[in-house]
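Trainee: If you scroll down you'll find the structure; I have some questions about it.
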Amino acid sequence: MLTNKDEFNIEDFYAHYLKGPKIFQKREALETSYVPEELPHRDKEIKKIAELTACALIGDAPSSFLCYGMTGTGKTATVRYVSQKLTRHARAKKPWWIYVNCNVVSTPYRILAHIYNTISNRERIPPTGLPKDVIFKQLLGLLDQKVGDSVCFLVLDEIDILSDKKGGNEILYDLTRLNENLDYCKTSLIGISNKLNFKKYLDPRVLSSLGGECPIVFHPYNANELADILKKRAAIAFYPGTHEEGVIRYCAALAAEENGDARKALQLLKKAAEIAQRKHSKKILERHVDEARLELEKDQVEEFILGLPFQAKLVLTAIYLISKYFPNHVIISGDVYDVHSELCNLLPKKRKLTERRISDYINELTLAGLICARIKSRGYYGRTKIITLSMGLDMLERILSKEESIAELLNYRPLSLQKDKVKINGAVFKKLY
DNA sequence: TATCCACAGGAAATCAGGGTGT
DNA sequence: ACACCCTGATTTCCTGTGGATA
């Protein structure tokens, strides 16, 4: 047995945990995938979708439509909610609902395969290998055979991701025209998008068949609405007496600041409850919410960085090393290229990347908010990007050190920056020849 | 004021690695 | 064994450009 006080004893930990007060009654109620019995503050949207889809009850195909709104405004939840009610009211002709998250199922081939496999209830279509048109034909046959004369709803969540992928517009076009090739079954497409400007990139033919001119718009929740949502969920998720209105309102207020994102509000409340339980508190307190907020932020950054492709991590490492060893140096894209290729030389089996590719990684890291890069023209010294880290060196080091092969690079002092420096407008740049 | 640097970033091609049916 | 397919990562090729400097 362990004797050292500082060491973690898993036996004691679990025993202690079980003895503590219980907060969670039904944890799933705080998950975003949970569909509650009532959906507060979405009456208008529910009504619109219900009206649009009602004809499926008598076997007619509703016209396709789009739902817009920022993340956490209840788009997916509302569609799922209506789908449950509709299915409950349908008698003979039960509609089918196929959900596709385009963020997960992200290529045209996989969308077709996913739809096919969901309907057939078996993994009939392999993850790759077949020509698309073959799958398309098989899908048509399956729809007529399995769905018969009912309606099949195809819900494409995060549909905006498709519009900037190659082949994305084609697959949407094909899906909107499914009905023309079907004998019995009818399909209806429901697109869910986070981006309001997504229409711009959409094929006009697809847009018109999706009824793009009058989409259903979901507005962000305000703090009071978020509080209502949380209250209802908390009543299901927690034991009575474990939470007070003040804490709920606090979570709601914090999430309202972040674009009224209900998903964030739920995450925050769940995390706060977990912290309270971990700390053997009988109630969730405001300070648990504060802690939860910090932990969530950290978790998200860490998850994102560790989930990056290796070369992207290496680009980030290059920026980290320059910031660490040359704190007064103004980092430009050229520096990142140089240091990145230095790092590649240190790692066996890692090929150098072209500047073009690294430029894309710099953009991706910027988009994620990990770094800040802005284009600057330096006249005779050319046009480049000025890059700064948007997060603390300590935190970045802690995260990067979790990747084995990168951990050993974190104390490497880049050589390419030690050569020649030049001063322009008081800032130190690499010397140009 | 024309020049010219060091890139930015779009588009298309290529490659490797996973698969298919015949 | 073979021709062919799909995907994601990357390369190749290319045109465009802001603004200090000559």
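Mapping of the first sequence onto the working numbering: residues 5 to 437, in sequence order. Cβ atoms here follow ideal geometry from the backbone N, Cα and C, with glycine treated the same way. Treat the numbers as computed from the prediction; the structure is a model and nothing was measured.
So, is K353 buried or exposed, given that buried needs 16 or more other C-beta atoms within 10 angstroms?
Mentor: With fewer than 16 other Cβ atoms within 10 Å, it is exposed.
Trainee: Straight-line CA distance for V343 to T388?
Mentor: Their Cα atoms are separated by approximately 16 Å.
Trainee: Can you tell me which residues form a DSSP beta bridge with L400?
Mentor: In the DSSP output, where bridge partners are listed per residue, L400 has none listed.
Trainee: Please return the same chain residues whose Cβ sits closer than 6 Å to the Cβ of Y225, not counting the five positions on each side in sequence.
Mentor: Cβ neighbours of Y225 beyond the five flanking positions: G264, A266.
Trainee: Excluding the 5 residues preceding and the 5 following G195 in the sequence, name in chain order all residues of the same chain whose CB lies nearer than 6 Å to its CB.
Mentor: The answer, listed in chain order, is L70, L160, I163, L214.
Trainee: Over the uninterrupted beta strand (DSSP E) stretch that includes D161, give me the two end residues.
Mentor: That run of the beta strand (DSSP E) goes 155-161.
Trainee: For F242, name the three-state secondary structure that DSSP assigns.
Mentor: Three-state DSSP puts F242 in a strand.
Trainee: Where do the ends of the alpha helix (DSSP H) carrying F308 lie?
Mentor: Note, F308: alpha helix (DSSP H), 290-310.
Trainee: Which two residues bound the contiguous alpha helix (DSSP H) that contains V210?
Mentor: Per DSSP, V210 belongs to the alpha helix (DSSP H) from 208-213.
Trainee: What span of residues does the alpha helix (DSSP H) with F222 cover, start to end?
Mentor: No alpha helix (DSSP H) holds F222; the beta strand (DSSP E) holding it covers 220-222.
Trainee: What does DSSP give as the partner residue(s) for Y72 in the beta ladder?
Mentor: BP columns for Y72 point to S197, V221.
Trainee: If contacts are defined as beta-carbon pairs under 8 Å, then L234 and L273 qualify, I think. What distance do you get, rounded to the angstrom?
Mentor: With a Cβ gap of about 6 Å, L234 and L273 count as contacting.
Trainee: Tell me the DSSP secondary structure of C348 in three-state form.
Mentor: C348: helix per DSSP, three-state reduction.
Trainee: Using the three-state DSSP reduction, which class does Y437 fall into: helix, strand or coil?
Mentor: Only weak support is given to the placement of Y437: the predicted model assigns it a pLDDT of 36, under 50, and the value that follows is read from those uncertain coordinates. Coil, per DSSP.
Trainee: Whole angstroms is fine: what's the gap from V138's alpha carbon to F157's?
Mentor: Computed Cα separation, rounded: 22 Å.
Trainee: Is it buried or exposed for D187, if we count other Cβ within 10 angstroms and need 16 for buried?
Mentor: D187 comes out exposed.
Trainee: Does DSSP put H20 in a helix, a strand or coil?
Mentor: H20 falls in the helix class under three-state DSSP.
Trainee: Report the three-state DSSP secondary structure of L393 (helix, strand or coil).
Mentor: Strand, per DSSP.
Trainee: At the level of alpha carbons, what is the spacing between P130 and V109?
Mentor: Looking at the two C-alpha atoms, the distance is approximately 14 Å.
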